[in-house]
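In UniProt numbering, the protein residues as written are 1 to 270. Glycine included, each C-beta is placed from N, C-alpha and C at the ideal position.
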């Protein structure tokens, strides 16, 4: 694979990489930025997304040979000096490994659910607005074998650059779908025989007291406010036991504990 050298930060061939942080906020019309070698490995193997181009710091190209061998042979790979790359991105890109990915048509909630196996574990996210938490939850979902993640319309974008980076590429790997609202997700899951459990510090039962249902959906709410009361009133609620005098966990940490507890895909050490 022969790299294409970029010496002018305004070169139209790399326009999609210009002013990354501003474009993060404005949106990329069906595209996203993947950052770092590990994330590119995942992108090149993802079925639901396709790479459009790669932009590398010139001294990273040789060390990316194994990763680039996974990419389509005709994928444009651009290289630039540190000064030019920083001018393109709009800030110092110390990692020097970027790619633009293209979204394919998204699955609907119904299509995703209908494709799941008879035994399935899901995370259902309601109002998750922090990209670090979003990325960490996807990383946990991948680590503990969740079959999919569902998001309500108030959640932030799991394909935001920082969310993908924090997820270590899991946001490109774990199937997900976005529904109109939590009530719609609840009805869709109920129609397909899912037991639905809400995590809350005021949950009625300890999570360790519950056995795993074949089809299980775990609801997680935003930091601080948690899940809305209207939703908690319709679901079985569980809590994670904690030390006396402390009653809450970061939502990403709570997702890790809950998914690990109910997972049947965790491999024993050794």
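Within the DSSP secondary-structure output, residue 246 pairs in no beta bridge.
Within the same chain, 76 and 100 come within 6 Å of residue 53 by CB-CB distance, once the 5 residues on both sides are set aside. Unbroken beta strand (DSSP E) runs of no fewer than 3 residues, entirely contained in the stretch 78-110, are found at 97-103, following chain order. Of all C-beta pairs linking the stretch 223-237 to the stretch 121-129, three or more are shorter than 8 Å, placing the two stretches in contact. Counting C-beta atoms within 10 angstroms of its own C-beta, residue 139 has 16 or more neighbours from the protein chains shown and is therefore classed as buried.
Only residues of its own chain outside the window of five on either side were considered, and among them 196 and 198 have a CB closer than 6 Å to the CB of residue 235, listed in chain order.
For residue 145, no beta strand (DSSP E) run applies, since DSSP gives it neither H nor E. Residue 153 and residue 2 have their C-alpha atoms roughly 42 Å apart. Distance from residue 174 to residue 142 at the Cβ level is roughly 5 Å; contact confirmed, criterion being Cβ atoms closer than 8 Å. Here the alpha carbons of residue 8 and residue 86 stand approximately 11 Å from one another. Where residue 162 is concerned, the enclosing alpha helix (DSSP H) starts and stops at 161-166. Ranking 65, 240, 255 and 223 by CA distance to the CA of residue 205 puts 240 first. With a cut-off of 8 Å on Cβ pairs, the stretch 177-192 is not in contact with the stretch 34-51, counting fewer than three such pairs. Here DSSP, grouped into helix, strand and coil, assigns residue 218 to strand. Per DSSP, reduced to three states, the secondary structure at residue 45 is helical. Taking all protein chains shown into account, residue 158 has 16 or more neighbouring C-beta atoms within 10 Å of its C-beta and is therefore buried.
With respect to the 8 Å criterion, residue 17 and residue 88 are classified as neighbours on the basis of their beta carbons. For residue 207, the closest of 222, 254, 245 and 13 by C-alpha to C-alpha distance is 254. For residue 95, the closest C-alpha among the options 188, 63, 109 and 115 is that of 63. Beyond the five residues adjoining it in sequence on each side, residue 38 comes within less than 7 Å, by CB distance, of 168 and 169 in the same chain, given in chain order. Straight-line measurement puts the Cα of residue 212 at about 50 Å from the Cα of residue 79.
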